[in-house]
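Trainee:
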Amino acid sequence: MANFSKSSVPQFSVEVYQNEFLPEGGRDVNAIVTVTSAGGGTTGGVPLADGAPASARRAGQAPDAAVVLMVDCSGSMDYPPTKMRNARDATAAAIDTLRDGTRFAVVAGTHVAKDVYPGNGQLATADPVTKAQAKEAPPVGVEIVFVKQVAPAVADLTGRRTEAGPRAGDYPTGSWGDESRDYHVCVRVPEAGIGQEMLAARVSLILPPPSGGGTPQTLSQGLVRAVWTDDMVASTSINPQVAHYTGQAELAQVIQQGLDARKSGDFDGATAKLGRAVQLASVSGNADTAKLLSKVVDVVDAATGTVRLKARVAEADEMTLETRSTKTVRVKK
Numbered sequence: 001m002a003n004f005s006k007s008s009v010p011q012f013s014v015e016v017y018q019n020e021f022l023p024e025g026g027r028d029v030n031a032i033v034t035v036t037s038a039g040g041g042t043t044g045g046v047p048l049a050d051g052a053p054a055s056a057r058r059a060g061q062a063p064d065a066a067v068v069l070m071v072d073c074s075g076s077m078d079y080p081p082t083k084m085r086n087a088r089d090a091t092a093a094a095i096d097t098l099r100d101g102t103r104f105a106v107v108a109g110t111h112v113a114k115d116v117y118p119g120n121g122q123l124a125t126a127d128p129v130t131k132a133q134a135k136e137a138p139p140v141g142v143e144i145v146f147v148k149q150v151a152p153a154v155a156d157l158t159g160r161r162t163e164a165g166p167r168a169g170d171y172p173t174g175s176w177g178d179e180s181r182d183y184h185v186c187v188r189v190p191e192a193g194i195g196q197e198m199l200a201a202r203v204s205l206i207l208p209p210p211s212g213g214g215t216p217q218t219l220s221q222g223l224v225r226a227v228w229t230d231d232m233v234a235s236t237s238i239n240p241q242v243a244h245y246t247g248q249a250e251l252a253q254v255i256q257q258g259l260d261a262r263k264s265g266d267f268d269g270a271t272a273k274l275g276r277a278v279q280l281a282s283v284s285g286n287a288d289t290a291k292l293l294s295k296v297v298d299v300v301d302a303a304t305g306t307v308r309l310k311a312r313v314a315e316a317d318e319m320t321l322e323t324r325s326t327k328t329v330r331v332k333k
């Protein structure tokens, strides 16, 4: 039976699936972002009603102050690593002190001034949401490697990006009905020390403002993070959702099978499986896993997967290749 009372305005949710852990020197962060629309029909690109943010709709609220916070992001802040971390913490503390209704912006200073938040030379209105967003602004040096829709249909959105302010870009997704779509986002972040954490990207689903201008409405958002660790098991684990779309599920499987065969004395089987792992790591550009494999096998030809088992392997090196089996089916909601 048709539901004729259904709202024409869909409700959106964003879920992020990733392994946030990176090894020392690791820079590439992969995430699968699932966007789900429910409870309404497609808008067809027509702006939603009452689309202004809550802070802009507060009657009679007129800011009596404007604050611009400038953060030193010059090269002198790179060492020691705690120097920039402390600067970010101080900026976050300053943002927390802003009174609701205060207009503010965050600027990164190097040899030039770069508008970090909210972007486009604008000022944001302080409230719990905007202050949280400003504190989570991605750092300087983050690069978007690609953005691809991977389900239900494959579409590379990378080249469709339009700039939306410093370190921000818009990728068109078209009209929505009651549906769920998956996107593969790959972000390259600056190197950081063991134990450091970083917001790699904020993925927001926005509704463009009416043609007359205005502020885009954020419908939902998710965060992609990077955490550097010396726990190689954590940093080499492959998130099931990411594995499903990157083809790394087989890599995880043959590594486990190869290590199991080696432990059981099946050296021919171990050589075949770990050789296949080396080949897959080479083809996919998985340099971190290839480096770990080289501690277990001598690589003769990575392209063909020709390897020789090392006669002596440290138990710690073998353990770093241990990985849990991962399902390549989509997680059920």
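Number 123 in UniProt numbering belongs to position 123 of the sequence shown; there are no gaps in the numbering.
For glycine and all other residues, C-beta sits at the position ideal for the given N, C-alpha and C.
1) Name the DSSP beta bridge partners of H184, please?
2) Can you tell me which of R225, R276 and L69 puts its alpha carbon nearest to the alpha carbon of E197?
3) Fully enclosed by the stretch 217-260, which alpha helix (DSSP H) runs are 4 residues long or longer?
4) For K114, which beta-bridge partners are listed by DSSP?
5) For Q133, report the span of its alpha helix (DSSP H) as first-last.
6) So for R276, helix, strand or coil by DSSP?
7) Could you check the C-alpha separation between G169 and E163 for me, to the nearest Å?
8) What's the gap between the Cα of A31 and the Cα of C186?
9) Determine the extent of the alpha helix (DSSP H) in which L293 is found, giving its start and end residues.
10) Drop a sphere of 10 angstroms on the beta-carbon of E20, count the other beta-carbons inside from all chains shown, and report buried for 16 or more, exposed for fewer.
11) Spatial neighbours of T97 within its chain, please: C-beta separation below 6 angstroms, excluding the five flanking residues on both sides.
12) Around the C-beta of G159, are 16 or more other C-beta atoms found within 10 angstroms, so that it is buried, or is it exposed?
13) Between A132, S204 and E250, which has its C-alpha nearest I95's C-alpha?
14) Once DSSP output is grouped into helix, strand and coil, what is the label at R262?
15) According to the neighbour-count rule (16 or more other Cβ atoms, all chains shown, within 10 Å of its Cβ), is I194 buried or exposed?
16) Can you tell me whether T124 is buried or exposed? The criterion is at least 16 other CB atoms within 10 Å of its CB, across all chains shown.
17) Indicate whether V307 and V313 have their beta-carbon atoms separated by less than 9 angstroms.
18) Between A90 and V129, what straight-line distance do the alpha-carbon atoms span, to the nearest angstrom?
19) Quick one: Cα of P190 to Cα of G265, how far?
20) Per DSSP, what kind of secondary structure is T91 in: helix, strand or coil?
21) By Cβ distance below 7 angstroms, which residues in the same chain neighbour R276 in space, the five residues on each side in sequence not counted?
22) Going by the beta-carbon positions, is the gap between V14 and Q221 smaller than 9 angstroms?
23) If you draw a straight line from the alpha carbon of V71 to that of R103, how long is it in whole angstroms?
24) To the nearest angstrom, how far is the alpha carbon of V116 from that of I206?
25) Measure the alpha-carbon distance for Q18 versus V242 and round it to whole angstroms.
26) Identify the continuous beta strand (DSSP E) that holds Q11 and give its terminal residues.
27) Could you pull the start and end residues of the beta strand (DSSP E) that T304 belongs to?
28) What number of angstroms, rounded off, separates the C-alpha of V150 from the C-alpha of P23?
29) Determine whether the beta carbon atoms of P118 and A105 lie at a separation below 9 angstroms.
30) Here's the rule I'm using: 16 or more other beta-carbon atoms within 10 Å means buried, otherwise exposed. How should V68 be labelled?
31) The beta strand (DSSP E) spanning I206 covers which residue range?
Mentor: Looking at the atomic coordinates:
1) BP columns for H184 point to I32 and K148.
2) Selected option, being the one with the closest Cα: R225.
3) Runs found: 232-236 and 240-246.
4) Within the DSSP secondary-structure output, K114 pairs in a beta bridge with A108.
5) According to the DSSP assignment, Q133 belongs to the alpha helix (DSSP H) that extends over P128 to K135.
6) In this structure, R276 counts as helix in the three-state DSSP scheme.
7) Rounded to the nearest angstrom, the two C-alpha atoms are 4 angstroms apart.
8) Those two C-alpha atoms are separated by around 7 angstroms.
9) DSSP places L293 in the uninterrupted alpha helix (DSSP H) bounded by A287 to L293.
10) With 16 or more other Cβ atoms within 10 Å, it is buried.
11) Here the set comprises nothing.
12) Counting other Cβ atoms within 10 Å of its Cβ, G159 stays below 16 and is therefore classed as exposed.
13) Looking at the Cα atoms, A132 is the closest of the given residues.
14) Helix at R262.
15) I194 is classed as exposed because its beta carbon has fewer than 16 other beta carbons within 10 Å across all chains shown.
16) Reading off the sequence, residue 124 comes out as Ala, not Thr. Answer is buried; the Cβ neighbour count reaches 16.
17) Note that the C-beta distance between V307 and V313 is not below 9 angstroms.
18) The straight-line gap from Cα to Cα measures roughly 19 angstroms.
19) So the alpha carbons of these two residues sit roughly 42 angstroms apart.
20) Here DSSP, grouped into helix, strand and coil, assigns T91 to helix.
21) Excluding positions up to five away in sequence, the list reads V254 and G305.
22) The Cβ-Cβ distance between V14 and Q221 falls below 9 angstroms.
23) Using only the alpha carbons, I get a separation of about 17 angstroms.
24) Computed Cα separation, rounded: 18 angstroms.
25) Take the alpha-carbon of Q18 and the one of V242: they are about 7 angstroms apart.
26) Bounds of the beta strand (DSSP E) holding Q11 are Q11 to Q18.
27) Element bounds for T304: n/a, residue is neither H nor E.
28) V150 and P23: Cα-Cα distance of roughly 26 angstroms.
29) Result yes, Cβ atoms of P118 and A105 sit closer than 9 angstroms.
30) That one is exposed.
31) Bounds of the beta strand (DSSP E) holding I206 are E197 to L207.
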